[in-house]
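**Student:** Position 128 (the sequence shown) corresponds to 127 in numbering that gives the first Met the number 0; numbering is contiguous.
Every residue gets a Cβ at the ideal spot worked out from N, C-alpha and C, and that includes glycine.
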Amino acid sequence: MTVITSFKEKRKEKQVKFERKLLRELTLEKLTKEVTSYFQPFFKQARFSQAIEDGSVDVAIEAYLLGASFGRVGHYGESFETIKRRCYEEEKYLIDTLYDYLQYWGNLSDNDFVSESLYLACEQYVSRWIQEGFDKGIMRYKLRLH
């Protein structure tokens, strides 16, 4: 007798398996180095807060997986700009989440210039990780590692 499973369960299982394979290629050192390079100038503290680093790494992983999920359509010829338009809502959510998180944990001043610069840095950071995930997703489909 066989066990009946739904397509939703199978799809979710396949997605988790794909994400695990992708995350094996991503190192924590690379993530923390990127966090430091993007956000260290905004925080004048002698010690970069672990909470800031952890939240930024979480958002980077989510953005990376978001970009990688579009690797299949990228492999079949869709451009990155089109992908960015398709995932605009998710990207905006990640940017806003990261910005709010950094504003809360960073204890930044109410200076509008600093706030706007931080928001632009968050946009660049999330966009960079979506691009990285998209490129890795395309590469995995080209090499048939999906």
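1) Indicate the three-state DSSP secondary structure (helix, strand or coil) for residue 35 in the structure shown.
2) Does residue 178 pass the burial test, meaning 16 or more other C-beta atoms within 10 Å, or should it be called exposed?
3) Can you name, in chain order, every residue of its own chain whose Cβ lies under 8 Å from the Cβ of residue 83, other than the five neighbours on each side?
4) Tell me whether residue 75 is buried or exposed, calling it buried when 16 or more other Cβ atoms sit within 10 Å of its Cβ.
5) Keeping to the same chain, check which residues put their C-beta closer than 8 Å to that of residue 3; ignore five residues upstream and five downstream.
6) What residue from 70, 106 and 124 has the CA that sits closest to residue 43's CA?
**Tutor:** With the structure as the only source:
1) helix
2) Past the edges of the chain, shown from 0 to 145, lies residue 178, and the structure says nothing about it.
3) 90, 126 and 129
4) exposed
5) Residues of the same chain with their beta carbon placed closer than 8 Å to that of residue 3 are lacking, with the five preceding and five following residues left out of the count.
6) Distances from the CA of residue 43 to each of 70, 106 and 124 were compared; the closest alpha carbon is that of 106.
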